[in-house]
Amino acid sequence: MHVPAADVRAWRGLIELRRKLVGRRTAVKSQVRALLRGAGACDAPAGKALWSKRGLKWLAAAALGEADALRRDLLLEELAQADERVGRVTRELDRRADAHPGVALLRTIPGVGPRTAEAFVAYVDDVRRFARTRQVGCYLGLVPCQDSSAGKDRLGHITGDGPASVRMLLCEAAWQAVRRSPTMRAFFERVTHGEPGRKKIALVAVAHKLARSMAAMLRTGEAWREDGREDGREDGREDGREDGREDGREDDRGQNPEA
Numbered sequence: 026m027h028v029p030a031a032d033v034r035a036w037r038g039l040i041e042l043r044r045k046l047v048g049r050r051t052a053v054k055s056q057v058r059a060l061l062r063g064a065g066a067c068d069a070p071a072g073k074a075l076w077s078k079r080g081l082k083w084l085a086a087a088a089l090g091e092a093d094a095l096r097r098d099l100l101l102e103e104l105a106q107a108d109e110r111v112g113r114v115t116r117e118l119d120r121r122a123d124a125h126p127g128v129a130l131l132r133t134i135p136g137v138g139p140r141t142a143e144a145f146v147a148y149v150d151d152v153r154r155f156a157r158t159r160q161v162g163c164y165l166g167l168v169p170c171q172d173s174s175a176g177k178d179r180l181g182h183i184t185g186d187g188p189a190s191v192r193m194l195l196c197e198a199a200w201q202a203v204r205r206s207p208t209m210r211a212f213f214e215r216v217t218h219g220e221p222g223r224k225k226i227a228l229v230a231v232a233h234k235l236a237r238s239m240a241a242m243l244r245t246g247e248a249w250r251e252d253g254r255e256d257g258r259e260d261g262r263e264d265g266r267e268d269g270r271e272d273g274r275e276d277d278r279g280q281n282p283e284a
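For the sequence shown, my numbering gives the first residue as 26, with consecutive numbering after it.
As structure tokens, then:
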């Protein structure tokens with residue numbers, strides 16, 4: 026059993042703390058939106074504009090009833106506190122990420138940002154503990170469950186094993202990779218087979234392919250290349266055959282619980 030070092034465990038703890046703080050900040054923003062809807066404030070700035078300096082200034086000066094104004098003020102105080110806490114944790118995570126060459130390496134992948142790269146590096150830790158890159162997908166819960174009966178194999182939802190935060194970040198990065206990387210976009214379209222109902226299945230497949238590519242890059246130290254060879258060939262098989270079997274068919278009933 027792999028036991029990560031103390032500094033790696035501390036790094037993982039900061040990643041999970043930031044995730045919780047961001048979740049709490051999002052909840053506060055939702056409460057503010059609900060308050061404005063209940064108060065009939067139809068002139069509130071839409072979308073992200075409400076959280077800009079101008080939007081927050083409008084919110085602080087909005088004419089509300091006495092009770093609603095008190096709730097607004099308390100929520101704004103909580104929001105400011107949440108922003109400050111998220112900022113503190115983010116700065117520490119940025120410091121740690123800047124000191125790790127693996128994070129910079131993974132950020133060469135289109136769509137992979139600092140949060141996804143650092144989470145992958147922190148949780149995978151020593152990539153050499155995986156004999157094959159496909160084992161990383163199993164560790165992260167991105168492979169389908171398998172039920173064998175009467176000589177037949179039935180594949181279901183992804184296992185969901187391993188760190189949920191990394192799996193969620195990989196699925197978010199997968200959408201960006203499909204938009205920005207011709208390699209990932211072609212793979213996504215190949216898995217969907219032109220069927221809109223298979224988009225979630227294809228998203229999970231792209232996230233799985235990303236995980237395997239990232240593991241291979243950490244193993245070899247090579248940056249991302251748009252030539253379809255980022256998966257590596259540690260197990261002696263060609264990438265095209267692996268992807269066609271593992272991602273094109275095995276994930277037919279796969280789902281992304283976070284998407």
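Virtual Cβ for every residue (Gly too), placed ideally from N, Cα, C.
Item	Value
Nearest-angstrom Cα separation, counted from L194 out to G72	22 Å
For C67, three-class secondary structure by DSSP	coil
Euclidean distance between Cα positions of P29 and D123	20 Å
Selected residue, minimal CA-CA separation from A69, among H218, R50, L89 and D119	L89
Pair within 8 Å by beta-carbon distance, G166 and T184	yes
Stretch pair the region 92-103 + the region 124-131: three plus CB contacts closer than 8 Å	no
Helix, strand or coil at P169 [DSSP, three-state]	strand
V229 to H27 span [Cα, whole Å]	26 Å
Three CB pairs or more closer than 8 Å across the region 108-121 and the region 211-222	no
Contact set for L39: own chain, Cβ-Cβ below 7 Å, skip 5 residues either direction	V114, E117 and L118
Under the three-state DSSP convention, the category I134 falls into	coil
Backbone secondary structure at H125 - three-state DSSP	coil
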